[in-house]
Amino acid sequence: MNTQIPILVADDDEDDRFLIRTAFRDSQLTNDIFFVADGVELMQFLYHQGPYADVEKYPRPGIIFLDLNMPRKDGWEALSEIKQNPELKAIPVVVLTTSNSERDILRTYESGANCYITKPISFDQLLQIVKSFGQFWLSIASIPWK
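In structure tokens form, the structure reads like this:
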């Protein structure tokens, strides 16, 4: 069971971050969840740099939720950097983005993502996605963490 692994969400949309946080709470998932607003902050978090230097406060995540469309460093660049780094590449990356383009889906999997989810249009749909995520990734799947 992976109920204690930290989850890192990289999404530039403040409303989406709020909805994701609420969906996790309403799904009764007790994992620590951290949020960053773009790919630069994501990589700082993963490398424990800048404001994320405190490893106790900002532990290595067991799973990353990644939006593709972010400022400064987009999700494509961050995904590529994560999957090319021997110390980070085993972290499962779940892409949660607005695009439902077949080209984007294929490119994402070719870049090493573990899952691709198109952001739903309603909170109820997001809640169902988070519950399903919890059932699979946190209860069934084995995740290399720590």
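Numbering-wise, full-length UniProt numbering puts 52 at position 52 of the sequence shown, and it's gapless, one number per residue.
Built from N, CA and C at the ideal position, the CB exists for glycine as well.
Checklist line | Distance, Asp104 Cα to Gln4 Cα | finding: 31 Å
Which word fits Ala113, buried or exposed, when buried means at least 16 other C-beta atoms lie within 10 angstroms of its C-beta? buried
message = Counting C-beta neighbours from all protein chains within 10 Å, is the total for Asp54 16 or more, i.e. buried, or is it exposed?
response = exposed
### Query
Is it the case that the Cβ atoms of Leu42 and Ile7 are separated by a distance below 9 Å?
no
When you compare the region 26–35 with the region 78–93, are there three or more beta-carbon pairs, one atom per stretch, that lie closer than 8 Å? no
Query - Contact set for Met70: own chain, Cβ-Cβ below 6 Å, skip 5 residues either direction - result: Asp12, Asp38, Gly39
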